[in-house]
Amino acid sequence: MRTVYATALEVGESSDVSIALDYVGRWIHDWYRRQRLSVEVRGNLASGDLVLEPAEGHRLSIHHHSSTGEPQVGLVDIRWEYPDQYDASLGWVVSIALLNTPSGLILSLDLAVTGLQLLFAPANFKLGSPRVIRDISRLRSVRIANHPYNVSPEVIGAEEIEALVSELTDQARPFPIVVVSRRPSDDHPPIDTSGLAERLAGVAKVYELSDKWAAFRLTEVLSKPLSCFAGAVRLYWPHFSSEADPYLHPLWMPWQFRDVQVADRTLADLVGMVFDAAAFRYVEPAATSRFRQSAAREQREASRANSPSSADELLEDLVAVETQLEELQRAHADLLRENETLRGNAIALAAHAGRSGTVSQARAGLDSEGDAEESESPRTVEDAVKWASQRTTHIAFLDSAYSTASQSPFRHPDRAVQALMAIDEVAAIWANSIETGKSVGSIRQLFKKRGFEYADDVSQTSKGKWGGEYVASYKGRDIDISPHITIGAKQADSCLSVHWAWDREEKSAIVAHVGRHKTNTKT
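Okay, so the sequence shown: first residue is 0 according to numbering that gives the first Met the number 0, each after it adds one.
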């Protein structure tokens, strides 16, 4: 028997606990109803043990545990065995533990597959989370290892990237996170993120980057080798950090989703990887194990106190128990050796994959954003200005923009390109609002959605002392170039400022400076 899926969910609110318990009963009831069998177990989840054999090869048992030491706590163990609907040589074993406490419900589920007939052939089934886990994971108060969890994928904009990175780098995070970026060609994700989240319910969280600006911001914060962009999908395992080895966090490139068949195989690899890790690492929640042991100990003590057996009979029972214990200890030792062997095999396979497979494909894509224009990536800030001048429609570049860019030691010209493209997009929106008279809201918010902090002006002190730096000449007139974006801080090689003027007549942004931070009270 091999575990193929396992998880443990915590449900906090009492109303959600009632709903979750009902979901468990409905799941079993509805499964048998589709087989035209009537199996009602919801009442037995509240009280009353049960053993059923609804059909040939099926067995369903419900057993309650209680403890006088914790009278407000109850534990229900469910074990459900049934043959596969499509392959008679396979069977499924579902083990569910429901620990109901005053603070909420702890539900743990282990799904295992077992052979029912001797047949040396691959087991052909599609992995996916159980429906009951998908249903419960939509409740508001669900957590995994005390971390908030919900099955619905979240769409993340540039202004929310810091929060996402904070979750990615949380060293206590117990579950993997899958990040899906959008294709630059049509601004759509390469896969159905809701469908992927459903398949990974209970064992992973899915985030979708809302646009290229979110991907740019993620790249800026994490660095390109650890980022996800241009229609790629990335799996971030727990214990991730900004200094992590990119090979340890698999990346699937856009061409691995080029059509339905290829995408299905790619997603099967991703889901299988997460399920294998969840099954391998799964342990029953400590609170559930402790309560089960306490309840079993009380039951044994009560049995001994009420037993009419003679001393000889008790001695025989003791010998039998010791024999069983020895057998269990031997089996435990065998399992430990098998576990070490499997661990070694897993490490070897991961190392092999890191050299020839998904990870090597990912490495091939780490230096490309999947865009044909990326092969022309600017190497300097001056290149960035020249690149942008050929591709923007709502920006005019003054000679001073090129000269300041040529003197800039800023080490991230790709970020300079992104800033100029953001200015072009916002300028287009601004120009349209002038033509139509429709408000577009805050310019600052438009830039924030693209991952940049915009300021309309500089301080009065700066203007008073260095006012000449914030004025440029354009077509025989002076223009105010106080509006600006600043990327980074401190040293010139890690800081870049872009200054421009909004020209209502030409409905464009007149960029006059792309380079070092201008003089102010701090510089």
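Glycine included, each C-beta is placed from N, C-alpha and C at the ideal position.
Owing to the predicted nature of the structure, the values given are computational and were not obtained by experimental measurement.
Along the alpha helix (DSSP H) that carries residue i, what are the first and last residues, could you check?
{"i": "HIS28", "result": "13-33"}
{"i": "LEU44", "result": "41-45"}
{"i": "LEU163", "result": "160-167"}
{"i": "TYR401", "result": "398-405"}
{"i": "GLY127", "result": "Note, GLY127: premise wrong, no alpha helix (DSSP H); not H, not E."}
{"i": "PRO82", "result": "Counting along the chain, PRO82 falls outside any alpha helix (DSSP H), though it belongs to the beta strand (DSSP E) covering 73-82."}
{"i": "GLU381", "result": "380-388"}
{"i": "THR435", "result": "412-435"}
{"i": "TRP212", "result": "211-221"}
Which two residues bound the contiguous beta strand (DSSP E) that contains residue i?
{"i": "GLU242", "result": "It is not in any beta strand (DSSP E) - GLU242 carries neither H nor E in the DSSP assignment."}
{"i": "LEU49", "result": "49-51"}
{"i": "VAL93", "result": "89-100"}
{"i": "GLU9", "result": "1-10"}
{"i": "ILE480", "result": "Unbroken run through ILE480: none, as it is neither H nor E."}
{"i": "VAL445", "result": "According to the sequence provided, residue 445 is Leu. The question's Val does not apply to it. Segment 442-447 is the alpha helix (DSSP H) holding LEU445; no beta strand (DSSP E) there."}
{"i": "GLY514", "result": "507-514"}
{"i": "TRP501", "result": "494-502"}
{"i": "VAL178", "result": "176-179"}
Please tell me whether residue i and residue j are closer than 8 angstroms, where the distance is taken between their beta carbons.
{"i": "LEU110", "j": "SER88", "result": "no"}
{"i": "LEU108", "j": "ILE190", "result": "no"}
{"i": "SER128", "j": "GLU197", "result": "yes"}
{"i": "ALA511", "j": "ALA430", "result": "no"}
{"i": "LEU51", "j": "LEU20", "result": "no"}
{"i": "SER65", "j": "ALA301", "result": "no"}
{"i": "LEU97", "j": "VAL75", "result": "yes"}
{"i": "ALA395", "j": "VAL416", "result": "no"}
{"i": "TRP236", "j": "LEU225", "result": "no"}
{"i": "LEU221", "j": "SER241", "result": "yes"}
{"i": "TRP212", "j": "LYS448", "result": "yes"}
{"i": "ALA427", "j": "PHE446", "result": "no"}
{"i": "LEU199", "j": "VAL131", "result": "no"}
{"i": "ARG280", "j": "GLY230", "result": "no"}
{"i": "ILE143", "j": "GLU321", "result": "no"}
{"i": "HIS63", "j": "SER46", "result": "yes"}
{"i": "ARG515", "j": "ALA491", "result": "yes"}
{"i": "THR392", "j": "ASP413", "result": "no"}
{"i": "LEU49", "j": "TRP79", "result": "no"}
{"i": "VAL141", "j": "ILE95", "result": "no"}
{"i": "PHE239", "j": "GLU69", "result": "no"}
If you reduce the DSSP assignment to three classes, tell me which class residue i lands in.
{"i": "LEU348", "result": "Summary for LEU348: the model assigns pLDDT 46, below 50, so the residue's position carries little reliability; its value from the coordinates is reported in the next sentence. It is helical."}
{"i": "GLY364", "result": "With a pLDDT of 48 at GLY364, under the threshold of 50, the modelled position of that residue is not reliable, and no figure is offered here."}
{"i": "GLY353", "result": "Confidence is the limiting factor: at GLY353 the pLDDT is only 43, short of 50, which leaves the residue's position unreliable and the question unanswerable from this model."}
{"i": "ASN149", "result": "coil"}
{"i": "LYS204", "result": "strand"}
{"i": "ILE143", "result": "strand"}
{"i": "ASP275", "result": "helix"}
{"i": "VAL38", "result": "coil"}
{"i": "ILE530", "result": "Outside the shown range of the chain (0 to 522) lies residue 530, about which nothing can therefore be said."}
{"i": "SER60", "result": "strand"}
{"i": "TYR453", "result": "strand"}
{"i": "TYR235", "result": "strand"}
{"i": "ILE105", "result": "strand"}
{"i": "GLY114", "result": "strand"}
{"i": "TYR473", "result": "strand"}
{"i": "GLY487", "result": "strand"}
{"i": "VAL270", "result": "helix"}
{"i": "VAL282", "result": "coil"}
Leaving out five residues on either side along the sequence, give the residues of the same chain with a beta carbon under 7 angstroms from the beta carbon of residue i.
{"i": "VAL261", "result": "GLN255"}
{"i": "PHE274", "result": "VAL3, TYR4, LEU126 and VAL202"}
{"i": "ASP479", "result": "TYR469, VAL470 and ALA500"}
{"i": "VAL425", "result": "ILE442, LEU445 and PHE446"}
{"i": "HIS351", "result": "With a pLDDT of only 41 at HIS351, under 50, the local geometry of the prediction cannot be trusted, and the value read off the model is given with reservation. Cβ neighbours of HIS351 beyond the five flanking positions: none."}
{"i": "ILE18", "result": "LEU138"}
So, at 8 angstroms on beta carbons, what are the nonlocal neighbours of residue i in its own chain, with the 5 sequence-adjacent residues on each side left out?
{"i": "HIS28", "result": "VAL38, GLU39, VAL40 and ARG41"}
{"i": "MET0", "result": "VAL92, ALA111, VAL112 and THR113"}
{"i": "TYR31", "result": "SER37, VAL38 and PRO53"}
{"i": "CYS494", "result": "PHE409, THR485, ILE486, GLY487, ALA488, ARG515 and HIS516"}
What does a CB cutoff of less than 6 angstroms around residue i pick up in its chain, not counting 5 residues either side in sequence?
{"i": "SER405", "result": "GLU381"}
{"i": "ARG233", "result": "VAL178, CYS227 and LEU250"}
{"i": "GLU283", "result": "SER107"}
{"i": "HIS57", "result": "TYR81"}
{"i": "TYR473", "result": "ILE509"}
{"i": "ARG503", "result": "none"}
For the stretch 151-167 against the stretch 199-219, do three or more pairs of beta-carbon atoms, one drawn from each stretch, fall closer than 8 angstroms, so that the two count as touching? yes
Touch check for the stretch 5-22 and the stretch 97-104: three-plus C-beta pairs under 8 angstroms? yes
Specify whether the stretch 446-456 and the stretch 476-489 touch according to this definition: at least 3 beta carbon pairs, one from each stretch, less than 8 angstroms apart. yes
Is the number of C-beta pairs between the stretch 428-442 and the stretch 406-417 that are closer than 8 angstroms three or more? no
Between the stretch 129-141 and the stretch 159-168, do three or more beta carbon pairs fall short of 8 angstroms? no
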